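Read the structure below first, then the notes.
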Amino acid sequence: MNVVLQVDATTFNHIQNTYPNNATCPPGASFHAKLKGVTVIGYTKSRKVMFQGQLAQQEAARWGAVSQPTQKNAAPKNGLPADFATWSVLGSDEVNAGSYFGPLTTAAVYVDHDQVATLQALGVQDSKKLTDPQIIKLAEQIIKLCPYTVLNLMPTQYNERMQRYNQAQLKALCHNLVLTKTLAKLSTPPQAILIDQFVQRATYYRYVGNQAEVAREHVYFQTKAETAHVAVAAASIVARYYSLQAMDELSQQAGLTLPIGAGHAVDVVAARLLERGQDLSQFAKVHFGNTKKAHAIYQQR
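First residue of the sequence shown: 1, per full-length UniProt numbering; consecutive thereafter.
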């Protein structure tokens, strides 16, 4: 159970002086007390105090009105708590994984509970439902409002890593990286982390288990997560925004427009690059079947 209190400076100081600082503080925290049945973490900048554990509600009640606590077991059929859409959530998503040309782009965006309505009012939703101009406009608003991290794994980097990993493992590593880097930017930890699910939880943590930092606390996995919380929708928009920029750069380098997707039009453009003597690994995910198709078209000309 988690309970978060927003308090005035006097109350915050009183709380801080009450509990022993006996554990390592998370990023941005000023004290971290682990007691029997409850953990208390305080953040000076925001004057928020988080109570976690079985006795969280009782302990928080000592310091004022307690907001409705969040419980992991208060979950409907989709595996998320009923009021999850209103939580403060760090969400992550990746784009372009199924497109032959361009980078694998992964983003994490943190949306505080008091920003949820604002982003919804702006029209933040699944990036696949938005036009490129809408993506650009919304992304520029999101990155001004919310802490975020983006990883643009360009084709050369992507292809090198695919010699060591499968794509699902590479995606997991990218998600974990943007999540941990965004967590380090926050003065208050999120109530939850939501990952747009592409593998099972156990598989995901097996893939990232040897990393120096792994986001493990209050992590949920959900398919179509962009519909479950606006943070994941925002992450998909920010990722698409940076991916579009990268595609423009790669198209300029290639000297022609590189199409999105993995259809026949992609094969034809890839064959044209081969005709020019250009290296596909600089522009494309060469483990895709499109590479063989492009070579077949090239050899027939």
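Cβ atoms here follow ideal geometry from the backbone N, Cα and C, with glycine treated the same way.
Predicted model, so just to flag it, every value in this text is computed and none were measured.
Among the options, which one has its Cα closest to the Cα of residue i?
i      : options                       : result
Pro133 : Ile237, Leu5, Arg301          : Ile237
Pro26  : Asn13, Leu250, Val49, His14   : Val49
Pro20  : Thr10, Asn13, Phe31           : Phe31
Arg240 : Ala97, Leu90, Gln57           : Ala97
Asn2   : Ile15, Asn17, Gly37, Thr11    : Gly37
Thr149 : Ser88, Ser92, Gly277          : Ser92
Leu80  : Ala168, Asn210, Asp196, Gln16 : Asp196
Thr106 : Cys174, Asn166, Asp248, Lys45 : Cys174
Ala29  : Gly263, Thr118, Ser187        : Ser187
Asn166 : Gln245, Lys285, Leu151, Thr10 : Lys285
Ser281 : Gln157, Thr10, Thr118, Lys144 : Gln157
Met247 : Gln54, His264, Thr18, Val95   : Val95
Asn278 : Thr118, Lys128, Leu250        : First, the residue type needs correcting, since residue 278 is Gln and not Asn in the sequence shown. It is Leu250 whose Cα lies nearest to the Cα of Gln278.
Tyr207 : Gln245, Asn159, Ala168        : Ala168
Lys224 : Asn22, Lys128, Lys185         : Lys128
Going along the chain, which residues of its own chain have a beta-carbon closer than 7 Å to the beta-carbon of residue i, five neighbours each way excluded?
i      : result
Ala233 : Val124, Gln125, Asp126, Glu226
Ala215 : Asn176, Leu179, Thr180, Leu183, Ile193
Just to confirm before moving on: does the CB-CB distance between residue i and residue j stay below 8 Å?
i           : j      : result
Val266      : Phe101 : yes
residue 303 : Arg47  : In the structure as shown, the chain starts at 1 and stops at 301, and residue 303 therefore has no counterpart that could be examined.
Thr24       : Ala33  : no
Gln141      : Leu170 : no
Leu153      : Leu104 : yes
Tyr43       : Ala231 : no
Ala228      : Ala56  : no
Ala296      : Leu273 : no
Gln120      : Cys146 : no
Phe283      : Leu258 : yes
Ile15       : Trp63  : yes
Ala172      : Tyr220 : no
Gln200      : His218 : no
Leu90       : Ala108 : yes
Leu35       : Ile135 : no
From the DSSP output, read off the bridge partner residues of residue i.
i      : result
Ala284 : Phe101
Phe221 : Ile195
Asp93  : Ala107
Val230 : Paired residues: none, contrary to the question.
His32  : Ile41
Thr149 : Ala108
Val7   : Answer by DSSP bridge pairing: none, since Val7 is not bridged.
Val49  : Leu5, Gly42
Around the Cβ of residue i, are there at least 16 other Cβ atoms within 10 angstroms (buried) or fewer (exposed)?
i      : result
Ser67  : Residue placement at Ser67 cannot be trusted, given a pLDDT of 49 that sits under 50; what the coordinates show is reported in the next sentence. Its Cβ having fewer than 16 others within 10 Å, Ser67 is exposed.
Gln52  : buried
Cys5   : A small fix is needed here, since residue 5 is Leu in this sequence, not Cys. Per the 10 Å Cβ criterion, buried.
Asp112 : buried
Lys292 : exposed
Ala60  : buried
Gln222 : buried
Glu213 : exposed
Ala235 : buried
Asn290 : buried
Go through its chain and collect everything with a Cβ distance to residue i's Cβ below 6 Å, but skip five positions before and after it.
i      : result
Ala271 : Ala294, Ile297, Tyr298
Gln300 : none
Tyr242 : Thr105, Val150, Asn152
His264 : none
Gln252 : none
Ile41  : Ala29, His32, Met50
Met162 : His287
Sorry if obvious, but does the Cβ on residue i come closer than 7 Å to a heavy atom of the ligand SAH?
i     : result
Tyr19 : Of the ligands one can find in the structure shown there are none, so the ligand SAH has no counterpart to examine.
Excluding the 5 residues flanking residue i on each side, which residues of the same chain have their C-beta closer than 8 Å to its C-beta?
i      : result
Arg276 : Gly255
Gly261 : Gly98, Ser99, Tyr100
Asn13  : none
Thr118 : Leu145
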